[in-house]
Amino acid sequence: MSRAIQSVRGMNDILPDEGALWRTLEDAVASVFEAYGYDRIRLPLLERTELFKRAVGEVTDIVEKEMYTFEDRGGDSVSLRPEGTAGCVRAGIEHGLLHNRVQRLWYAGPMFRYERPQKGRYRQFHQFGVEAFGLTGPDVDAEQIAMCARLWRRLGLTGLRLEINSLGTPAERAGYRDLLVDYLRGREDELDDDSRRRLETNPLRILDSKNPAMAELLAAAPSVLDALGPESREHFETLCATLDGLGIAYRVNPRLVRGLDYYTRTVFEWLTDELGAQDAVCSGGRYDGLVGQLGGSDTPAFGFALGVERLIALMAAQSVPLADVSPHVYLVYQGEAAARTAPGLAEDLRDAVPGLRLLAHAGGGSFKSQFKRADRSGAAVALVLGEAEAEAGEARLKPLRDQGDQETVALADLPRRLAGDFGLPLADNA
Ligand code: ATP
Ligand code: MG
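Residue numbers (my numbering): 81 to 510.
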């Protein structure tokens with residue numbers, strides 16, 4: 081036998097035992113996003129490398145060292161998407177979705193970053209993302225933050241903290257950048273190597289440093305909020321007041337700058353204390369310059385992305401209630417007449433009771449071995465069809481999870497009975 085091949089480092093298989101967690105999150109996300117009128121858009125995993133260089137920025141960690149970039153067979157440089165906003169904006173411009181109109185969009189799927197794999201940090205990970213175009217805010221800023229809060233409530237997640245900040249307009253940001261560089265130059269001997277390098281390329285990112293040796297230096301740095309002009313200040317104050325009015329608690333963190341280059345004004349993150357160092361489960365903000373920067377007409381925009389693996393880990397840690405994805409019914413049958421009846425019966429029941437999860441035994445075997453599989457399937461009841469029952473047009477219902485006697489039910493009565501037992505609707509023609 082040859083050696084089995086392993087998965088690529090940092091790329092996870094999501095196995096069926098995590099199915100209920102993922103399903104619960106996916107259902108909640110779709111219904112919450114739809115409740116706010118966001119439409120789903122599905123985007124390619126592969127884009128031209130140039131797109132990310134322009135959108136995310138050449139001097140970001142993502143573009144400098146985290147992208148999966150290669151030449152395709154036609155000689156074009158392409159990259160696996162490290163995030164979703166660039167592709168969403170590219171598609172919006174390409175298909176004329178953004179011109180002079182409001183669009184509220186959401187997307188889902190895997191992202192790829194060549195990072196050092198560790199808990200909560202993978203090379204293939206998943207995001208749900210939301211983008212709104214054509215709205216200057218701050219009402220839509222608050223709307224999206226409220227969407228997150230609703231999602232946490234809907235999932236039953238607790239302990240998520242909201243941090244917000246404003247980076248101002250590009251001009252205000254540039255002014256702040258000069259202030260910050262002056263301050264950091266004055267204390268250059270205290271900077272670590274990474275920060276000294278960033279002083280030339282991307283000084284705001286120094287505020288993002290996780291090096292504890294620099295914490296005191298950064299805490300005393302000038303605040304970006306002091307560099308805001310009157311309009312940016314009003315935008316931020318109105319956002320804060322709206323969040324107050326909605327009863328959404330937040331902390332203003334003037335050190336919050338976010339990893340990507342394209343943000344303007346509002347930025348925010350949702351953090352947890354329960355996942356260790358990888359503590360951000362959601363981040364986003366306003367990016368009014370990006371559509372223009374990618375060749376579209378100037379369009380204000382606001383968006384965020386949720387880190388799915390981190391949310392899944394949090395849901396597991398907090399034992400939130402999960403969607404039941406195990407079968408309702410496991411159909412067990414034996415004998416010639418039963419074997420003739422079973423396939424049609426299973427189909428008829430699925431027709432008659434939409435939503436019924438009926439797992440039909442396959443592969444024969446003794447009743448005893450079939451019941452073993454029925455137990456392992458997690459089904460609530462076994463539907464038992466022996467030779468005598470098949471001849472009589474009946475079946476037995478045997479509870480598998482709780483005690484209780486088995487009962488004999490006429491096949492014709494099964495749809496109503498199962499629909500009642502599992503709280504499912506009957507099909508109109510059943
Ligand atoms: P971090 O500071 O943790 O690196 P980030 O600022 O790079 O996060 P974003 O690009 O804003 O993250 O992505 C949004 C969300 O996606 C993050 O809040 C996080 O939950 C998740 N995320 C980002 N990178 C990874 C990764 N490599 N593995 C798993 N989840 C990730
Ligand atoms: Mg990162």
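All C-beta atoms in this analysis are idealised placements derived from N, C-alpha and C, irrespective of residue type, glycine included.
Exposure label - residue i; buried when at least 16 CB within 10 Å
i    : result
A472 : exposed
L394 : buried
S157 : exposed
I142 : buried
P310 : exposed
L326 : exposed
N509 : exposed
L465 : buried
I225 : buried
E252 : buried
M147 : buried
I121 : buried
D219 : exposed
T421 : buried
Residue i (DSSP reduced to helix, strand or coil)
i    : result
M81  : coil
E138 : coil
Q450 : helix
P190 : strand
D119 : strand
K478 : strand
A440 : strand
T488 : strand
V112 : helix
L411 : strand
L126 : strand
L336 : coil
R203 : coil
T238 : coil
T149 : strand
Q483 : coil
G214 : coil
R331 : strand
L160 : strand
Q224 : helix
Residue range of the alpha helix (DSSP H) that includes residue i
i    : result
G325 : 310 to 326
T344 : Careful: T344 lies outside any alpha helix (DSSP H), inside the beta strand (DSSP E) at 344 to 351.
S246 : Not the alpha helix (DSSP H): S246 falls in the beta strand (DSSP E), residues 241 to 246.
Y256 : 250 to 266
R497 : 494 to 502
S275 : 273 to 281
E416 : 416 to 432
L305 : Note, L305: premise wrong, no alpha helix (DSSP H); not H, not E.
Cβ-Cβ distance between residue i and residue j below 9 Å
i    : j    : result
R437 : V405 : yes
Y256 : L242 : no
V371 : S377 : yes
E474 : L498 : no
T344 : Y367 : yes
L504 : V433 : yes
N333 : Q204 : no
Q207 : G164 : yes
G209 : Y194 : no
L308 : I244 : no
L374 : V139 : no
E98  : I328 : no
L351 : L240 : yes
G365 : V347 : yes
L177 : F150 : no
Cβ-heavy atom distance, residue i to the ligand ATP, below 8 Å
i    : result
C362 : yes
Y256 : no
M191 : yes
Q224 : no
G503 : no
Y202 : yes
E127 : no
L370 : no
L247 : no
E237 : The identity of residue 237 in the sequence shown is Leu, whereas the question assumes Glu. Every heavy atom of the ligand ATP is 8 Å or more from the Cβ of L237, so no.
A472 : no
A295 : no
L386 : yes
F205 : yes
R338 : yes
Endpoints, the beta strand (DSSP E) within which residue i is located
i    : result
G366 : The identity of residue 366 in the sequence shown is Arg, whereas the question assumes Gly. Residues 360 to 366.
V464 : 461 to 465
A385 : 381 to 387
Residue i Cβ short of 8 Å to the ligand NAD heavy atom set
i   : result
E98 : Although the ligand NAD was asked about, the structure shown includes only the ligand ATP and the ligand MG as ligands.
heavy atom of the ligand MG below 8 Å from residue i C-beta
i    : result
I142 : yes
E389 : no
E195 : yes
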